[in-house]
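Asker:
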């Protein structure tokens, strides 16, 4: 009986561990049949020609019940809808922010409305822009192409998005919009090879928007113009046998996949529950071998390293300590490599960058050598609070922007006290495949906690052989962590070792 | 054959579309926005209707299938010669050199004719079923016969008519087109799609969907084999990028369940349109203007004095012919079309 109960607990824990990922999958189309979509257009004021009728037909063909209203309709019209679709024919000023707090997923190609929804900042040309053949003739050719920026999101996987060019719209100069999402956003595809010019980007529910608020439901921004839905690329007939063409002409597939993602159920809200987290990590730890790489007998930070190792062992992990000068072969047979903030970047050299097991770096300055980010120090990665090495003051808070992700430990969006005392905090600006969990306060581009899933495209085209994560854990003594800081540490370890 | 209406000097070879703009005034241009107008109406004679047309390989004659006969008319609209076949002729196609192909419904046969003078060279049985159309790909030198009732398209050797392969294709097969590189396209009105056939093996290599298109029947292709033009029964013309199978333009046209289409580069001479699509069906001839390979616009519509039964275009000679079924009891007519002096769509 006891054994059976134990098995039941194990099963429940296992389900709890995999539950977020399982629920986050794209819903099958059959499950979406009959769901109501509110299509908001410009109505009689729409520019002509436009593709709103085509979009409505397409949505019906996918099985949705489509209710079309114009921009002046009250937000309450969305009551009962499973998805709000905002066409660019709707006047953004008329729309205002009426749907910003709608607890219903939104799929929009109304670029001028992005700031109203908090999807981007408010500054035209810097935060968002509409390229059209009249104002921007040359660029209206350039937007016929976009790059796959993220290859591991559910949307990306479902269309087989690759880190390469693809055709967005059919061959004539077209109208298309881009936006620069906030740190909680995920750039799926970008124009001009720049992640600040996102062609398609998303926010998970509870992800922090560009205006600092948390997304009340999923949000998708797509590059379309008012009259080019019918020009979203696709390939048919014998040409569809070509793998190259199939991965080139994916505009319509991407539209459908993004739509499907928007209306699919998001993962359940993780709750901040240190006891449950502790139970989960203790469930996972036995049998897992962790290589902790530190500056052995290094003096500074040694106490912190010892505390981390002790903590990991107390959870049930088998921990081996390696010196920074030890060969990478120490990682053989390990389940996780953790690189301590006491390691010298110079001495560690390029070790562990290609280790085939998950890796957690507590040292942000290794972000270039580990392919987490670009190569320019203080632009791609840097630090706060290091005497003589940083212009920025010591810090002990983090801003949670990816609350939806298990790495956030159930902490709510916004500021969280990470350590009791201000100190050194490192940051990096990862590529779009990374999920950003926390930034430094007031620095949306300085990401303190993030993780790359296995198979991600990292800097320099490096493909992550296993999960990679950064946690800015430079030299604080482990005991200085707040309970929230401890939860973040455990959550990041738990996520990283899972793949 | 009698001439119903005729221009002052008749129709000179190679000048119908490009050179007869001046005649428009003489013949009385209508208020149509079409870039073409009727220059000459030629009664076919008797009570027979024209089922198929082919422009002569050397641009000297147009050939009309009327019942069991093939009649040729010269560039003055005068009946030149007639050949009687054993069965109703359902399709005509101009071949290479002086060759003309005709298909006869019952008994199902392909007839290969010479045109100097018009005579039967040989004929072969078509075991795949009653033919509904014949198409010659002049670039690839490939000959195809479609059989709607036999649900097939047969490829034949152009000189002898020897059967080279058969593709089984259920559906409502209509007009055919080819890219000159071994790919045949067939409109399938039952599936609202284009069937794509690999001509080498005569196997169906795919289907191209036609979004928003119902009961397609007309099909043409540019000579470079990059664009397909499809006429749909529900009043749309689609322009398809053949490289991708992607429809990127949809324009309104007349509704008809029997559309016939043709395409020509520079149909009005080198300084005129880059390309033109001619869509005949119902009682109208619609035109679509090609500005660039990715840019098209409605070119205008010409009301015709009867229901279209056949269309032929000889782009090299600048000749456009339409056969119409006249009122009951009267025979069919051939219409020679030329550039309108109105130039409304230019």
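Chains as they are written, first to last, in the numbering used here: chain A, 235 to 733; chain B, 6 to 351. We treat Cβ as the ideally placed atom computed from N, Cα and C, and that holds for glycine.
Candidates 323/A, 612/A, 292/A and 293/A: which alpha carbon is nearest residue 274/A's?
Answerer: As a working note, residue 274/A is residue 40 in the first chain. Measuring from the Cα of residue 274/A, the nearest candidate turns out to be 323/A.
Asker: Using a 10 Å radius around the Cβ and a threshold of 16 neighbouring Cβ atoms, would you call residue 502/A buried or exposed?
Answerer: Residue numbering aside, residue 502/A sits at position 268 when the first chain is read from its first letter. Residue 502/A is exposed by the Cβ-count criterion.
Asker: Rounded to the nearest angstrom, what separates residue 636/A and residue 374/A at their Cα positions?
Answerer: For the purposes of this step, residue 636/A is identified with residue 402 of the first chain, where counting begins at 1. For the purposes of this step, residue 374/A is identified with residue 140 of the first chain, where counting begins at 1. One C-alpha to the other measures close to 34 Å.
Asker: Look at residue 701/A and residue 733/A and say whether their C-beta atoms are less than 8 Å apart.
Answerer: Numbered from its first residue, the first chain carries residue 701/A at position 467. Numbered from its first residue, the first chain carries residue 733/A at position 499. Closer than 8 Å, so yes.
Asker: State buried or exposed for residue 162/B, treating a residue as buried only when at least 16 other CB atoms are found within 10 Å of its CB.
Answerer: The sequence position of residue 162/B within the second chain is 157, counting from 1. The residue is exposed, with fewer than 16 neighbouring Cβ atoms inside 10 Å.
Asker: Which of the residues in the region 447-479 of chain A, read from start to end, lie with their CB under 9 Å from any CB of chain B?
Answerer: 464, 465, 467, 468, 469, 470, 471, 472, 473, 474, 475 and 479
Asker: May I have the straight-line CA-CA distance separating residue 561/A from residue 581/A, to the nearest angstrom?
Answerer: On the first chain, residue 561/A is found 327 positions in, with the first residue counted as 1. On the first chain, residue 581/A is found 347 positions in, with the first residue counted as 1. For residue 561/A and residue 581/A, the distance between alpha carbons rounds to 11 Å.
Asker: Which residues bound the alpha helix (DSSP H) around residue 508/A?
Answerer: The count along the first chain starts at 1 and reaches residue 508/A at position 274. First-last of the alpha helix (DSSP H) with residue 508/A: 508-518.
Asker: What are the residues in the region 206-227 of chain B lying within 7 Å of chain A by C-beta distance?
Answerer: 210, 211, 212, 213 and 214
Asker: Under the DSSP definition of a beta bridge, which residues are partnered with residue 558/A?
Answerer: By 1-based counting over the first chain, the position of residue 558/A is 324. According to DSSP, residue 558/A bridges with nothing at all.
Asker: Take the Cβ of residue 507/A as the centre, count every other Cβ of all protein chains shown within 10 Å, and call the residue buried at 16 or more, exposed below.
Answerer: Here residue 507/A refers to the residue found at position 273 when the first chain is read from its first residue. Under this definition residue 507/A is an exposed residue.
Asker: Can you give the Cα-Cα distance for residue 70/B and residue 239/B, rounded to whole angstroms?
Answerer: Position 65 of the second chain, counting from 1, holds the residue named residue 70/B. Position 234 of the second chain, counting from 1, holds the residue named residue 239/B. When rounded, the distance between both Cα atoms is 28 Å.
Asker: Alpha carbons only, please: which of 149/B, 88/B and 138/B is nearest the one belonging to residue 119/B?
Answerer: Position 114 of the second chain, counted from the start, is the residue given in the question as residue 119/B. When each option's Cα is compared against that of residue 119/B, the closest is 88/B.
Asker: For the region 636-656 of chain A against the region 593-607 of chain A, are there 3 or more C-beta pairs whose distance is under 8 Å?
Answerer: no
Asker: Which full runs of the alpha helix (DSSP H) of 4+ residues lie inside the region 667-692 of chain A, going along the chain?
Answerer: none
Asker: Which value, in whole angstroms, describes the spacing of the CA atoms of residue 324/B and residue 77/B?
Answerer: As a first step, residue 324/B is located in the second chain; it is residue number 319 there, counting from the start. As a first step, residue 77/B is located in the second chain; it is residue number 72 there, counting from the start. Distance between the alpha carbons of residue 324/B and residue 77/B: 15 Å.
Asker: So the candidates are 298/A, 362/A and 315/A; which of them puts its Cα closest to the Cα of residue 432/A?
Answerer: On the first chain, position 198 is the one that residue 432/A refers to. It is 362/A whose Cα lies nearest to the Cα of residue 432/A.
Asker: Along the region 594-614 of chain A, where does the CB come closer than 9 Å to a CB of chain B? Name the residues.
Answerer: none
Asker: Residue 641/A to residue 728/A, Cα distance in whole Å?
Answerer: Locating residue 641/A in the first chain gives position 407, where the first residue counts as 1. Locating residue 728/A in the first chain gives position 494, where the first residue counts as 1. Computed Cα separation, rounded: 8 Å.
Asker: Would a check of beta-carbon distances place residue 404/A closer than 8 Å to chain E?
Answerer: The structure shown contains no chain E; its protein chains are A and B.
Asker: For a test of the three-state rule: what should DSSP assign to residue 303/B, helix, strand or coil?
Answerer: Position 298 of the second chain holds residue 303/B. Three-state result, residue 303/B: strand.
Asker: Below 8 Å on C-beta distance, what does residue 483/A contact in chain B?
Answerer: Position 249 of the first chain, counted from the first residue, corresponds to residue 483/A. Chain-ordered, the chain B residues with CB closer than 8 Å to the CB of residue 483/A read 249 and 251.
Asker: How far does the alpha helix (DSSP H) with residue 612/A in it extend, from its first residue to its last?
Answerer: Position 378 of the first chain, counted from the first residue, corresponds to residue 612/A. Run containing residue 612/A: none; DSSP gives neither H nor E here.
Asker: Answer yes if the region 661-671 of chain A comes into contact with the region 551-560 of chain A, meaning at least three C-beta pairs across the two stretches below 8 Å, and no otherwise.
Answerer: no
Asker: Please name the residue or residues paired with residue 593/A in a DSSP beta bridge.
Answerer: Mapped onto the first chain, residue 593/A falls at position 359. Answer is 571/A and 702/A, bridged to residue 593/A.
Asker: Which chain A residues are close to residue 201/B, counting only those with a beta carbon under 7 Å from its beta carbon?
Answerer: In the second chain, residue 201/B corresponds to position 196, counting from 1. Residues of chain A passing the Cβ test: 471 and 472.
Asker: Under a Cβ-count criterion, where at least 16 other Cβ atoms within 10 Å of its own Cβ denotes burial, should residue 645/A be classed as buried or exposed?
Answerer: Taking the first residue of the first chain as position 1, residue 645/A is located at position 411. By the 10 Å Cβ count, residue 645/A comes out buried.
Asker: With distances taken Cα to Cα, identify the nearest neighbour of residue 661/A among 609/A, 622/A, 598/A and 712/A.
Answerer: Residue 661/A sits at position 427 when you count from the first residue of the first chain. The option with the nearest alpha carbon to residue 661/A is 598/A.
Asker: What residue range does the alpha helix (DSSP H) around residue 375/A cover?
Answerer: Residue 375/A sits at position 141 when you count from the first residue of the first chain. Run containing residue 375/A: 371-376, per the alpha helix (DSSP H) assignment.
Asker: What's the gap between the Cα of residue 233/B and the Cα of residue 325/A?
Answerer: As a first step, residue 233/B is located in the second chain; it is residue number 228 there, counting from the start. As a first step, residue 325/A is located in the first chain; it is residue number 91 there, counting from the start. Near 37 Å, if we compare the C-alpha coordinates of residue 325/A and residue 233/B.
Asker: Tell me the start and end of each unbroken alpha helix (DSSP H) in the region 264-330 of chain A that is at least 4 residues and wholly inside, in chain order.
Answerer: 286-295 and 326-329
Asker: Can the beta-carbon of residue 230/B be found less than 8 Å from the beta-carbon of residue 266/B?
Answerer: Position 225 of the second chain holds residue 230/B. Position 261 of the second chain holds residue 266/B. No, these two residues do not count as a Cβ contact at 8 Å.
Asker: Please list, in chain order, all residues of the same chain as residue 124/B whose beta carbon is under 7 Å from its beta carbon, the five residues on each side excluded.
Answerer: As a first step, residue 124/B must be located in the second chain, where it is residue number 119. So the qualifying residues of the chain are 88 and 118.
Asker: Under 7 Å: does the beta carbon of residue 317/A sit that close to some heavy atom of the ligand COA?
Answerer: This structure lacks the ligand COA; in fact it carries no ligand of any kind.
Asker: Answer yes or no: does any C-beta atom of chain A fall closer than 8 Å to that of residue 299/B?
Answerer: Here residue 299/B is taken as the residue at index 294 of the second chain, counted from 1. Output row for residue 299/B: interface = yes.
Asker: If you reduce the DSSP assignment to three classes, tell me which class residue 258/B lands in.
Answerer: The residue given as residue 258/B occupies position 253 in the second chain. Note: residue 258/B maps to coil in three-state DSSP.
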